[in-house]
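Visitor:
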Amino acid sequence: MGEPIVRYENVHKSFGAVEVLKGINLDLKQAEKVAVIGPSGSGKTTIIRMLMTLEEPTSGEIIVDGKNLWHMEKNGQLVPANEKHLRQVRGDIGMVFQHFNLFPHMTILENCMTAPIHVQKEDKKSAKERSIEMLEKVGLGDKLGNYPSQLSGGQKQRVAMARALVMRPKIMLFDEVTSALDPELVEEVLEVIRDIAHEGRMAMVLVTHEMEFARDIADRVLFLDGGVIAEQGSPEEVFGNSENKRLESFLRRFRR
Amino acid sequence: MNGNWNWDTFFDALPMVLEGIGITIGLTFACYLFALIFGFLWIFLRRIPVKSLNWIITWIMEFIRSTPPLVQLFFIFYAWPMVPVIGMALDPFTSAVLGLGIHFSTYIGEVYRSGIEGVDKGQWEASTALNFSIRQKWTKIILPQAIPPAIPMLGNYLIIMFKEVPLASTIGVVGILHMANSYGAQHWAYLEPLTIVAILFLILSYPSAILINKLEKKMNRRFDKKAIVKNSKGAVM
Numbered sequence: 001m002g003e004p005i006v007r008y009e010n011v012h013k014s015f016g017a018v019e020v021l022k023g024i025n026l027d028l029k030q031a032e033k034v035a036v037i038g039p040s041g042s043g044k045t046t047i048i049r050m051l052m053t054l055e056e057p058t059s060g061e062i063i064v065d066g067k068n069l070w071h072m073e074k075n076g077q078l079v080p081a082n083e084k085h086l087r088q089v090r091g092d093i094g095m096v097f098q099h100f101n102l103f104p105h106m107t108i109l110e111n112c113m114t115a116p117i118h119v120q121k122e123d124k125k126s127a128k129e130r131s132i133e134m135l136e137k138v139g140l141g142d143k144l145g146n147y148p149s150q151l152s153g154g155q156k157q158r159v160a161m162a163r164a165l166v167m168r169p170k171i172m173l174f175d176e177v178t179s180a181l182d183p184e185l186v187e188e189v190l191e192v193i194r195d196i197a198h199e200g201r202m203a204m205v206l207v208t209h210e211m212e213f214a215r216d217i218a219d220r221v222l223f224l225d226g227g228v229i230a231e232q233g234s235p236e237e238v239f240g241n242s243e244n245k246r247l248e249s250f251l252r253r254f255r256r
Numbered sequence: 001m002n003g004n005w006n007w008d009t010f011f012d013a014l015p016m017v018l019e020g021i022g023i024t025i026g027l028t029f030a031c032y033l034f035a036l037i038f039g040f041l042w043i044f045l046r047r048i049p050v051k052s053l054n055w056i057i058t059w060i061m062e063f064i065r066s067t068p069p070l071v072q073l074f075f076i077f078y079a080w081p082m083v084p085v086i087g088m089a090l091d092p093f094t095s096a097v098l099g100l101g102i103h104f105s106t107y108i109g110e111v112y113r114s115g116i117e118g119v120d121k122g123q124w125e126a127s128t129a130l131n132f133s134i135r136q137k138w139t140k141i142i143l144p145q146a147i148p149p150a151i152p153m154l155g156n157y158l159i160i161m162f163k164e165v166p167l168a169s170t171i172g173v174v175g176i177l178h179m180a181n182s183y184g185a186q187h188w189a190y191l192e193p194l195t196i197v198a199i200l201f202l203i204l205s206y207p208s209a210i211l212i213n214k215l216e217k218k219m220n221r222r223f224d225k226k227a228i229v230k231n232s233k234g235a236v237m
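Chains A and B are the protein sequences, given in the same order. Sequential numbering from 1 applies to the first sequence in the UniProt record's numbering. Sequential numbering from 1 applies to the second sequence in the UniProt record's numbering.
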């Protein structure tokens, strides 16, 4: 599969005195689907937030498509990245959040169109066409003029996915995207993610508590515990009979 | 002084007092505009991530807010020209715009700040994830959400400023209070002209207060309402 599209090299992250991630090494291949599971507070979300540049690693490097994300070269030396550098490197990355984070002052069509127009300088007409197409794909073609406040949680999350997808990212990050939803709305969101995953072009990292779902779509599952990747492998390996005691007891809670 | 109310005096004073109304209203809007712009300046100065600068700006704002506007007005008009090198004499109107404008800009800045802090941090994160530039984050995402809820408060400050503007008569800005005072001094009759001043303030500020109240109610419903309008259009398409 060639070069990995994302590489974490011994990444550490502390919040104050608390070290949340204690040396993450990880290669994400092109188009690979990775699910990240683990107890809350294990740093799952922090891993993808650092890739989205929402959180800066305390030490270590993250390489995106051959480019160092948090550092840049200046006069032959590695210095902390400035905003311009971050903008160049994170352009290929999209993210969907637990709490949707739709722009409440824009219609859902405007939510999708705004970044292609203003960030990627696409012309208005084609951005609009692609946004409509994408919203139709997630089943919201009849809600184009609505505001986020008029949608259900599941619908909001589908808009958020359409909004990220129109940017044509090479890497998509999903941060517990069903955790804030009512149980009966979870499936409609998972359905959309399944569709995206089956198209297969993008690499995806999913932080999730939906074990069935992770088993379904992931090429690889990471079990994060105590700030390190404690176990990883194919879904069969991880969800099958692992020898890792912590993983066993973690999974047992989902098998009721 | 004649203590009895005299309608002849009232109608005699009215035209003279009214002559000052343009200045009073003009000064109000000039000060307000100044405060609106300067308020933003405080916000951006305070967001510069240099701790010592941050501390200085916060302290200056606190100093301006806890000093009476009248003292600031006197300082700018009488004391400023005596300051070596940077000092200069300013006409009364300009002094009043600077004095009241700067004083109120610190309050307006607070209004902006609470509006900006009221925007969910997820909005910043989503706009980072969509790779907006810092400038675009402010102009397209954050300020359009921060300013509308602040509009009623900003309106309140317009009315409050309007009522503080007569302070400028102390340094010789010829608004309605100044005119009323002159009339009183000339005719030794203060009751009628000053009553006119009070009535004028009531006439101008009370309807504004009602207007702002309405605006506030409208702001609370704004996203839903806009949605209904756009939707009905969408249905026609």
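For each residue, glycine too, the CB sits at the ideal point set by N, CA and C. Keep in mind that this is a model prediction, so the values were computed, not measured.
1) At 8 angstroms on the CB atoms, spell out the chain B contacts of ALA115/A, in chain order.
2) Could you confirm whether any beta carbon from chain B is found closer than 7 angstroms to the beta carbon of HIS71/A?
3) Helix, strand or coil for GLU192/B? Go by DSSP, reduced to three states.
4) I'd like the span of the beta strand (DSSP E) that includes PRO80/A, first residue to last.
5) So, under 8 angstroms CB-CB, LEU181/A and GLY153/A are touching, yes? Tell me the CB distance rounded to an integer number of Å.
6) So within the region 55-106 of chain B, which uninterrupted beta strand (DSSP E) runs reach at least 3 residues, ignoring any that extend past its ends?
7) Considering only DSSP beta bridges, list what ALA35/A is partnered with.
8) In the DSSP assignment, the alpha helix (DSSP H) including ASN111/A goes from what residue to what residue?
9) State the DSSP-derived secondary structure class of MET167/A, mapped to helix, strand or coil.
10) My output table needs one value for GLU133/A: the three-state DSSP class, helix, strand or coil.
11) Along the region 123-143 of chain A, what residues have a CB closer than 7 angstroms to any CB found in chain B?
12) Does the beta carbon of LEU54/A come closer than 7 angstroms to any beta carbon on chain B?
13) Give the DSSP-derived three-state secondary structure of GLU117/B in the structure shown.
14) Return the chain-ordered list of same chain residues with a C-beta closer than 7 angstroms to the C-beta of THR178/A, the five sequence neighbours on each side being excluded.
15) Helix, strand or coil for ASN68/A per DSSP?
16) Below 7 angstroms between beta carbons: does that hold for ALA79/B and ASN101/A?
17) Among residues of its own chain, excluding the 5 on either side of VAL192/A, which ones have a beta-carbon nearer than 7 angstroms to its beta-carbon?
18) Could you check whether ILE37/A and PHE254/A sit closer than 7 angstroms to each other, using their CB atoms as the reference points?
19) Of all Cβ atoms in chain A, is any one closer than 7 angstroms to the Cβ of GLY115/B?
20) Looking only at its own chain, which residues have a Cβ that is under 7 angstroms from the Cβ of GLY87/B, when we skip the five neighbours before and after it?
21) With DSSP as the reference, identify every bridge partner of TYR8/A, one or two as the case may be.
22) Would the beta-carbon of PRO169/A fall within 7 angstroms of that of ILE93/A?
23) Could you say if the region 35-47 of chain B and the region 178-190 of chain B meet the contact criterion of at least three C-beta pairs nearer than 8 angstroms?
24) Tell me whether GLN98/A sits in a helix, a strand or coil according to DSSP, three-state version.
25) With DSSP collapsed to three states, give me the class of TYR206/B.
26) Given that a residue counts as buried once 16 or more other Cβ atoms are within 10 Å of its Cβ, and exposed if not, what is ASN131/B?
27) Using a Cβ-Cβ cut-off of less than 7 angstroms, list which residues of the region 77-102 of chain A approach chain B; keep chain order.
28) By Cβ distance, which residues of its chain are closer than 7 angstroms to ARG246/A, with the 5 residues on each side in sequence left out?
29) Just grab the DSSP bridge partners of ASP175/A for me.
30) Look at ALA89/B and VAL119/B and say whether their C-beta atoms are less than 7 angstroms apart.
31) Sorry if obvious, but does the Cβ on SER234/A come closer than 6 angstroms to a heavy atom of the ligand MG?
32) Are the C-beta atoms of HIS118/A and some chain B residue less than 7 angstroms apart?
33) Just to check my reading of the structure: LEU36/B and ALA168/B have Cβ atoms closer than 8 angstroms, yes? What is that Cβ distance to the nearest angstrom?
34) State the DSSP-derived secondary structure class of residue 265/A, mapped to helix, strand or coil.
35) Any contact of the region 128-142 of chain B with the region 155-169 of chain B, i.e. 3+ C-beta pairs under 8 angstroms?
36) What is the DSSP secondary structure of SER152/A, counted as helix, strand or coil?
Guide: In short, the structure shows the following:
1) LEU130, ASN131 and PHE132, listed in chain order.
2) Taking a beta-carbon distance threshold of 7 angstroms, HIS71/A does not count as an interface residue toward chain B.
3) Under the three-state reduction of DSSP output, GLU192/B falls in the helix class.
4) Residues 77-80.
5) Rounded, the Cβ-Cβ distance is 5 angstroms, consistent with contact.
6) Unbroken beta strand (DSSP E) runs of no fewer than 3 residues, entirely contained in the region 55-106 of chain B, are not found.
7) Bridge pairing for ALA35/A: LEU206/A and VAL221/A [DSSP].
8) Run containing ASN111/A: 108-118, per the alpha helix (DSSP H) assignment.
9) Here MET167/A carries a coil assignment [DSSP, helix/strand/coil].
10) Note: GLU133/A maps to helix in three-state DSSP.
11) Hits within the stretch: zero.
12) A Cβ of chain B is located within less than 7 angstroms of the beta carbon of LEU54/A.
13) Residue state, collapsed to three classes: helix.
14) Excluding the 5 residues flanking it on each side, THR178/A has same chain C-beta neighbours closer than 7 angstroms at VAL186, VAL189, LEU190 and GLU210, in chain order.
15) DSSP places ASN68/A in strand when its eight states are reduced to three.
16) With respect to the 7 angstroms criterion, ALA79/B and ASN101/A are not classified as neighbours on the basis of their beta carbons.
17) Same-chain partners within the cutoff: VAL138, ARG158 and MET161.
18) For PHE254/A and ILE37/A, no; Cβs fall outside 7 angstroms.
19) By this cut-off, GLY115/B is not an interface position.
20) Same-chain partners within the cutoff: TRP80 and PRO81.
21) According to DSSP, TYR8/A bridges with LEU26/A and ILE62/A.
22) Yes.
23) A contact between stretches requires three or more CB pairs, one per stretch, nearer than 8 angstroms, and the region 35-47 of chain B fails this requirement with the region 178-190 of chain B.
24) In the displayed model, GLN98/A falls within coil according to three-state DSSP, outside both helix and strand.
25) Reduced to three states, the DSSP call for TYR206/B is helix.
26) Under this definition ASN131/B is a buried residue.
27) Residues passing the 7 angstroms Cβ filter: GLU83, ARG87, ARG90, GLY91, GLY94, MET95, PHE97, HIS99 and ASN101.
28) The answer, listed in chain order, is ASP225 and ALA230.
29) For ASP175/A, DSSP records a beta bridge to VAL207/A.
30) Judged by their CB atoms, ALA89/B and VAL119/B are not nearer to each other than the 7 angstroms cut-off.
31) For the ligand MG, the structure offers nothing, since it holds no ligand at all.
32) Taking a beta-carbon distance threshold of 7 angstroms, HIS118/A counts as an interface residue toward chain B.
33) About 18 angstroms separates the beta carbon of LEU36/B from that of ALA168/B, a gap too long to meet the 8 angstroms contact definition.
34) Because chain A is modelled from 1 through 256, residue 265/A falls outside the range shown and cannot be assessed.
35) As far as the Cβ criterion goes, the region 128-142 of chain B does not touch the region 155-169 of chain B, which means the pair count is below three.
36) In the structure shown, SER152/A sits in coil (DSSP, three-state: anything other than H, G, I, E or B).
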